[in-house]
Amino acid sequence: MKSRASFPVALDPPEGPVVVIDESFVDQAVSASRKSPRGRIILPLHKDHKAPLHRMLNVMQPGSYVQPHRHLYPPKAEAILVLRGTICVAIFDDEGGVLSKMELSAQSSAFGVDIEPGVYHTFFALEPDTVLFEVKPGPYERSSDKDFAPWAPKEGSGGEDRYLAGLAES
Numbered sequence: 013m014k015s016r017a018s019f020p021v022a023l024d025p026p027e028g029p030v031v032v033i034d035e036s037f038v039d040q041a042v043s044a045s046r047k048s049p050r051g052r053i054i055l056p057l058h059k060d061h062k063a064p065l066h067r068m069l070n071v072m073q074p075g076s077y078v079q080p081h082r083h084l085y086p087p088k089a090e091a092i093l094v095l096r097g098t099i100c101v102a103i104f105d106d107e108g109g110v111l112s113k114m115e116l117s118a119q120s121s122a123f124g125v126d127i128e129p130g131v132y133h134t135f136f137a138l139e140p141d142t143v144l145f146e147v148k149p150g151p152y153e154r155s156s157d158k159d160f161a162p163w164a165p166k167e168g169s170g171g172e173d174r175y176l177a178g179l180a181e182s
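Going by our numbering, the sequence shown runs without a break in its numbering and finishes at 182.
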């Protein structure tokens, strides 16, 4: 398997001013997520990081860890719709207490969530090949995009599996 350093976090955005999102298009991202050491991949629809609106497919496999975070400075809302599969979304208070957990599924009446700026959250796949459509304001600046929760393990620290298991059971 490829190392994290050599495997991309995101695929290249598609070319052209109009992109049809069909099964074949989504399957490209699913395939890449299966090969990713992180168990997930972003397929951006926006053409560059400076775009004022970021639209993307986020494809996840069970066990992929998204460190709890918030979008505080600059404040950014985030919307997530489940296109395939099922996720669990957890909302936290500032100390890491779980305020709510919800299961969202492409096959249920609850299939999306909109999160205001400054709200700590995470999500994880409950089914293989889960596909999310995410939207949030740009531009993307790595240093300020996410305010990671200090009470949760950092990605790659070794404590992610235990943290996710505890969160799933709570």
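Even for Gly, the Cβ is constructed at its ideal location relative to N, Cα and C.
When the beta-carbon positions are compared, Ile53 and Ala41 come within less than 8 Å of each other. For Gly124, the enclosing beta strand (DSSP E) has its first and last residue at Gly124 to Ile127. In the DSSP assignment, Arg46 falls within the alpha helix (DSSP H) that extends over Glu35 to Lys47.
Leu116 sits away from Val131, with the two beta carbons spaced by 8 Å or more. Residue pairing by DSSP puts Asp159 in a beta bridge opposite Arg82.
At a Cβ-Cβ threshold of 8 Å, Ala118 and Val147 do not count as neighbours. Taking all protein chains shown into account, Ala161 has 16 or more neighbouring C-beta atoms within 10 Å of its C-beta and is therefore buried. Rounded to the nearest whole angstrom, the CA to CA distance from Pro140 to Ser43 is 11 Å.
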